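Asker: Before I ask anything, here is the structure I am working with.
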Amino acid sequence: MDQKMDFNAPHSMGTTIIGVTYNGGVVLGADSRTSTGVYVANRASDKITKLTDNVYVCRSGSAADSQVVSDYVTYFLHQHTIQLGQPATVKVAANLVRLLSYNNKNLLETGLIVGGWDKYEGGQIFGVPLGGTIVQQPFAIGGSGSSYLYGFFDQAWKEGMTKDEAEDLVKKAVSLAIARDGASGGVVRTVIINSDGVTRNFYPGDQLPLWHEELEPHNSLLDILGAPEPMNI
Amino acid sequence: MDHHPSAETQRTLYPYVTGSSVVALKYKDGILMAADTGGSYGSTLRYKSIERMKPIGKHSLLGASGEISDFQEILRYLDELILYDNMWDDGNSLGPKEVHNYLTRIMYNRRNKFNPLWNSLILGGVKKGQKYLGMVSMIGVNFEDNHVATGLGNHLARPILRDEWHENLTFEEGVQLLEKCMRVLLYRDRSAVNKIQISKITEEGATVFPPFSLKTYWEFSAFKNPTVGAEGSW
Numbered sequence: 012m013d014q015k016m017d018f019n020a021p022h023s024m025g026t027t028i029i030g031v032t033y034n035g036g037v038v039l040g041a042d043s044r045t046s047t048g049v050y051v052a053n054r055a056s057d058k059i060t061k062l063t064d065n066v067y068v069c070r071s072g073s074a075a076d077s078q079v080v081s082d083y084v085t086y087f088l089h090q091h092t093i094q095l096g097q098p099a100t101v102k103v104a105a106n107l108v109r110l111l112s113y114n115n116k117n118l119l120e121t122g123l124i125v126g127g128w129d130k131y132e133g134g135q136i137f138g139v140p141l142g143g144t145i146v147q148q149p150f151a152i153g154g155s156g157s158s159y160l161y162g163f164f165d166q167a168w169k170e171g172m173t174k175d176e177a178e179d180l181v182k183k184a185v186s187l188a189i190a191r192d193g194a195s196g197g198v199v200r201t202v203i204i205n206s207d208g209v210t211r212n213f214y215p216g217d218q219l220p221l222w223h224e225e226l227e228p229h230n231s232l233l234d235i236l237g238a239p240e241p242m243n244i
Numbered sequence: 007m008d009h010h011p012s013a014e015t016q017r018t019l020y021p022y023v024t025g026s027s028v029v030a031l032k033y034k035d036g037i038l039m040a041a042d043t044g045g046s047y048g049s050t051l052r053y054k055s056i057e058r059m060k061p062i063g064k065h066s067l068l069g070a071s072g073e074i075s076d077f078q079e080i081l082r083y084l085d086e087l088i089l090y091d092n093m094w095d096d097g098n099s100l101g102p103k104e105v106h107n108y109l110t111r112i113m114y115n116r117r118n119k120f121n122p123l124w125n126s127l128i129l130g131g132v133k134k135g136q137k138y139l140g141m142v143s144m145i146g147v148n149f150e151d152n153h154v155a156t157g158l159g160n161h162l163a164r165p166i167l168r169d170e171w172h173e174n175l176t177f178e179e180g181v182q183l184l185e186k187c188m189r190v191l192l193y194r195d196r197s198a199v200n201k202i203q204i205s206k207i208t209e210e211g212a213t214v215f216p217p218f219s220l221k222t223y224w225e226f227s228a229f230k231n232p233t234v235g236a237e238g239s240w
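Protein chains in written order, with our numbering: chain A, 12 to 244; chain S, 7 to 240.
Listed below in C-alpha cells is the structure:
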C-alpha cells in the first residue's frame with residue numbers, strides 16, 4: 012500500500028547536527044536532508060548557517076522556523092557589531108538565539124546549536140533546544156538523528172582533541188546517524204571555526220566510512236560480475 | 007515529543023527540558039539544599055551538567071525543578087530585582103522572605119493568565135540570624151517549613167525528613183540526611199542522574215559545592231536471586 016504523499020506538510024529538517032569544541036576552536040557538523048513528510052525536498056541542504064564571521068549556527072526542526080530565527084539573529088548581530096566596534100562574542104550570539112526561541116516558544120519548533128570562536132573565551136558551543144533553554148557544553152548534539160549518538164559520544168568524546176580528531180569525530184558521528192535515522196541523509200558538511208578563521212568542508216557518501224550491513228557502492232552490477240556465466244540448461 | 011506549535015499567544019505550555027527534584031532543610035547555621043545536575047528531555051536524560059541551584063543576592067539560595075528555560079528566565083527577573091535593590095544603596099538588602107514573596111507573586115500571576123512558568127521553586131536563606139525556607143509551585147501554592155522538596159521528592163524525601171529532621175542539625179548531619187534523600191531519589195526516580203550538588207547558605211553567605219556522585223548499594227541477596235523464594239515467579 013503506497014503511503015499518501017503530503018506535499019503540503021511543512022518542510023522539516025529531520026536532521027543530525029553536532030557541535031564540538033577542541034583545543035583552539037570548534038567544529039560544527041550536519042547532514043543535508045530536508046524532508047516534506049516522506050519526500051526529500053532537498054538532498055543537499057546547508058544547515059550550518061553564518062550568523063557572523065566568527066559564529067555559526069546548526070539548524071534542526073522546522074526549516075522555516077530555524078531560518079527565520081537565524082535571519083533575525085544575523086540582523087541583530089550585524090547592528091551589534093557595528094555599535095560594539097569589534098566582532099560579537101559567541102555568548103551574545105547564543106543569547107540572542109535564546110531570546111527569540113524562549114519568547115516565541117509557543118510558535119517555534121526548532122533546536123539550534125550555536126558555535127564559534129572569540130578572542131575572550133576561545134571556542135564555545137551553546138545548545139538551544141526546544142523551549143529556549145541555553146546550555147553551554149563542550150559538545151552538543153541535536154536533531155532527530157542525535158538519538159542514535161548519545162551512546163557513541165559517551166564513549167568516543169575526549170577533552171582536548173586536536174582539530175583533525177574533532178573533525179573526524181564529527182564526520183563519523185553524522186555518518187553513523189545518517190545510517191540509522193531516516194530523517195537524516197545526504198552529505199556531511201562541517202565548518203571549523205578558530206582564530207585563523209572559518210573552513211567549510213564537504214563530504215559526500217563515498218568519502219565516509221561504511222557501517223554494518225552497508226556495501227561498497229558500484230556503478231552497476233555488471234562491474235561486479237566477471238565474464239558472463241555460461242547458461243545451464 | 008510530538009507537539010504541534012500553537013498559533014495562540016498565551017496558553018498553558020508543555021515543558022521541554024526539565025530538572026528533577028530539589029530537597030532542602032534548615033540546619034543549625036542556615037539552609038542546606040540538594041539537587042542533581044540533570045536536564046531531561048522527555049524520557050531522554052539529555053543534559054547532565056545543569057546547575058539548578060543559584061545564590062540570589064546576599065541572603066538567599068534558589069533551587070528549581072521543572073522547565074529549565076523558565077528557571078533561566080526567573081534568574082533574570084531576580085537579577086534585575088537585586089540590581090535595583092542594590093541601586094538604592096541604602097544599606098538594606100532583600101532577604102529570603104521578600105524574595106520568596108516576589109516569586110510567589112510572579113508564579114501566581116502567570117497562573118492566572120494561563121501561561122505558567124513551569125517550575126517548582128525552593129527559596130532558602132538567612133538574614134539577621136533568622137532562617138527561612140519556602141516553596142512556590144507553578145500554580146502559586148506557597149508555604150514555609152523546616153524541610154521542603156519538589157516533585158517526587160515530596161513523596162520520597164519528605165517522609166525521611168519528617169522522621170529524621172530535628173532542630174539544630176550540624177552541617178555534617180544535614181549533609182548526610184540530604185544525601186540519604188538523594189540516594190532514594192536516585193533509586194526510585196527515573197529522571198534522576200547520579201551527579202549531585204549540595205549548597206548551603208548561612209549568615210556568612212552562600213556556597214554551591216562542586217558536583218559529586220553517590221555510591222549505590224545492590225548487594226542484597228534478594229537482588230542477586232530474585233525468584234529463589236518463589237519458584238515459578240519472575
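For each residue, glycine too, the CB sits at the ideal point set by N, CA and C. Note that the structure is predicted; figures quoted are calculated from it, not measured.
(1) Indicate whether the contact test is met: 3 or more Cβ pairs, each with one atom in the stretch 188-197 of chain S and one in the stretch 137-153 of chain S, closer than 8 Å.
(2) Quick check on DSSP: helix, strand or coil for Leu129 of chain S?
(3) Can you grab the Cα-Cα spacing for the pair Asn231 of chain S / Glu225 of chain S, in whole Å?
(4) Taking Leu158 of chain S as the reference, give the member of S:Arg168, S:Leu139, S:Ser126 with the closest Cα.
(5) Could you tell me the alpha carbon to alpha carbon distance between Gly208 of chain A and Tyr33 of chain A, rounded to whole angstroms?
(6) State buried or exposed for His89 of chain A, treating a residue as buried only when at least 16 other CB atoms are found within 10 Å of its CB.
(7) Should Lys133 of chain S be labelled buried (16 or more other beta-carbon atoms within 10 Å of its own) or exposed?
(8) Determine the direct distance from the alpha carbon of Ser46 of chain A to that of Met12 of chain A, and round the result to whole angstroms.
(9) Give me the chain A residues within the contact set of Tyr83 of chain S, using Cβ-Cβ distance strictly less than 8 Å, ordered along the chain.
(10) Whole angstroms is fine: what's the gap from Phe150 of chain A's alpha carbon to Gly142 of chain A's?
(11) Between Leu19 of chain S and chain A, is any beta-carbon pair separated by less than 9 Å?
(12) Thinking C-alpha only, which one of S:Tyr20, S:Val23, S:Gly63 is nearest Thr213 of chain S?
(13) On the DSSP bridge assignment, give the partners of Arg211 of chain A in chain order.
(14) Looking only at its chain, what residues have a beta carbon closer than 8 Å to the beta carbon of Gln14 of chain A, apart from the 5 residues adjacent to it on each side?
(15) With distances taken between CB atoms, is the gap from Val101 of chain A to Val84 of chain A smaller than 9 Å?
(16) Count the other CB atoms, across all protein chains shown, that sit within 10 Å of the CB of Ile246 of chain S; report buried if there are 16 or more and exposed otherwise.
(17) To the nearest angstrom, how far is the alpha carbon of Met93 of chain S from that of Asp175 of chain A?
(18) May I ask you to list, following chain order, the residues of the stretch 51-74 of chain S that have a beta carbon less than 9 Å from some beta carbon of chain A?
(19) Counting only beta-carbon atoms, is Thr45 of chain A nearer than 9 Å to chain S?
(20) Please say whether Leu129 of chain S and Leu67 of chain S have beta carbons closer to each other than 9 Å?
(21) Do you know offhand how far Thr201 of chain A's Cα is from Gln135 of chain A's?
(22) Rank S:Ser239, S:Leu19, S:Thr233 by C-alpha distance to the C-alpha of Leu119 of chain A and give the top, closest one.
(23) Just the chain A side, please: which residues come within less than 7 Å of Val23 of chain S by C-beta, in chain order?
(24) Which bits of chain A does Glu79 of chain S rub up against, with CB to CB less than 7 Å?
(25) If you measure between the beta carbons of Ser158 of chain A and Thr24 of chain S, is that distance less than 9 Å?
(26) When the Cα atoms are used, what is the spatial distance from Gly72 of chain S to Gln218 of chain A?
(27) Using only alpha-carbon positions, find the residue among A:Arg44, A:Thr63, A:Cys69 that is nearest to Ile29 of chain A.
(28) Give me the residue from S:Glu237, S:Met141, S:Tyr114 with the minimum Cα distance to Val28 of chain S.
(29) Using only CA atoms, which one of A:Leu62, A:Ala75, A:Pro98, A:Trp128 lies nearest to Tyr86 of chain A?
(30) According to the neighbour-count rule (16 or more other Cβ atoms, all chains shown, within 10 Å of its Cβ), is Thr3 of chain A buried or exposed?
(31) Mind checking who Arg70 of chain A pairs with in its DSSP beta bridge?
(32) Once DSSP output is grouped into helix, strand and coil, what is the label at Val28 of chain S?
(33) In the DSSP assignment, what residue or residues form a beta bridge with Pro61 of chain S?
(34) Say whether the stretch 184-199 of chain A touches the stretch 220-227 of chain A, bearing in mind that this needs 3 or more beta-carbon pairs closer than 8 Å, one atom from each stretch.
Answerer: For this structure:
(1) no
(2) strand
(3) 11 Å
(4) S:Ser126
(5) 15 Å
(6) exposed
(7) buried
(8) Because the pLDDT at Met12 of chain A is just 39, under 50, the model does not fix this residue reliably, and the point stays unresolved.
(9) The premise fails here: Tyr83 of chain S is roughly 13 Å from chain A at the closest Cβ pair, so nothing lies under 8 Å.
(10) 19 Å
(11) yes
(12) S:Gly63
(13) A:Val202
(14) Annotation note: pLDDT 47 at Gln14 of chain A (below 50); position unreliable, coordinate value reported separately. Excluding residues within five positions, the ones whose Cβ falls inside 8 Å are Val49.
(15) no
(16) No information on residue 246 of chain S is available, as it lies outside the stretch 7 to 240 that chain S covers here.
(17) 50 Å
(18) Leu51, Arg52, Tyr53, Ser55, Ile56, Glu73, Ile74
(19) no
(20) yes
(21) 16 Å
(22) S:Leu19
(23) Pro140, Gly142, Thr144
(24) Tyr113
(25) no
(26) 44 Å
(27) A:Cys69
(28) S:Met141
(29) A:Leu62
(30) This structure cannot speak to residue 3 of chain A, because chain A is shown only from 12 to 244.
(31) A:Leu123
(32) strand
(33) S:Leu67
(34) yes
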